[in-house]
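Encoded as structure tokens, the structure appears first; notes follow it.
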Amino acid sequence: MSPLLKEYLHKKVVVVTTDGHSITGVLEGYDKSINILLSNVQSNYNPSKLVNNSSDGGTSDRSNNIISIQVCRGSEIVFCGILSEEGGEEKIEKEAGTDTLKNITQWDILKTTKNIIKDEHLTWRQVWLQRQQKKNSNTTETT
């Protein structure tokens with residue numbers, strides 16, 4: 001068990017995943033692989049902003065989903081941090097000058113950490129063909 005997450009138990013946290021999800025919820029549990037269990041979850045995701053392939057130029061609204069409970073796989077978590085301390089939310093909002101949760105759920109600069117390559121299958125086909133040619137040339141040289 002991670003000693004760092006122990007401090008976050010039963011507190012509201014924000015989690016950012018490798019595919020660009022921004023998830024807020026109460027951390028209910030975790031394991032040694034940092035798989036986490038969240039309750040009262042609000043998930044925010046805007047795939048058009050990440051890939052920028054929407055017809056309106058990537059300016060569509062985020063999809064907001066409210067879920068009662070969710071499990072997040074540890075290998076997919078980029079960031080997990082406390083959203084606000086108990087009784088400290090007003091202090092954070094005053095220092096920031098705006099609603100903290102609003103700022104977090106409206107991240108427009110999130111990008112995916114997965115490498116999205118257009119026509120990736122064609123690239124791998126070329127790699128395979130080159131390896132086959134090299135393999136064939138090596139077998140003809142040895143004979």
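Going by full-length UniProt numbering, the first residue of the sequence shown is number 1, and it counts up by one from there.
All residues carry an ideal CB built from backbone N, CA and C; glycine is no exception.
These figures come from a predicted structure and were not determined experimentally.
Report, in whole angstroms, the separation of the C-beta atoms of residue i and residue j, which I expect to be a contact under 8 Å.
i	j	result
T24	E76	So it is not a contact: roughly 16 Å between Cβ atoms.
I67	S43	6 Å
N35	G74	5 Å
Count the other CB atoms within 10 Å of the CB of residue i; is the residue buried (16 or more) or exposed (fewer)?
i	result
H121	exposed
G81	exposed
L83	buried
S33	exposed
S137	exposed
V78	exposed
Taking the Cβ atom as the reference point for each residue, do residue i and residue j lie within a distance shorter than 8 Å?
i	j	result
L38	L9	no
C72	V15	yes
For a minimum of 3 consecutive residues, which ranges assigned as the beta strand (DSSP E) are wholly contained in the segment 16-50?
Look at the segment 16-50 and you find these whole runs of beta strand (DSSP E), each 3 residues long or longer: 22-30 and 36-45.
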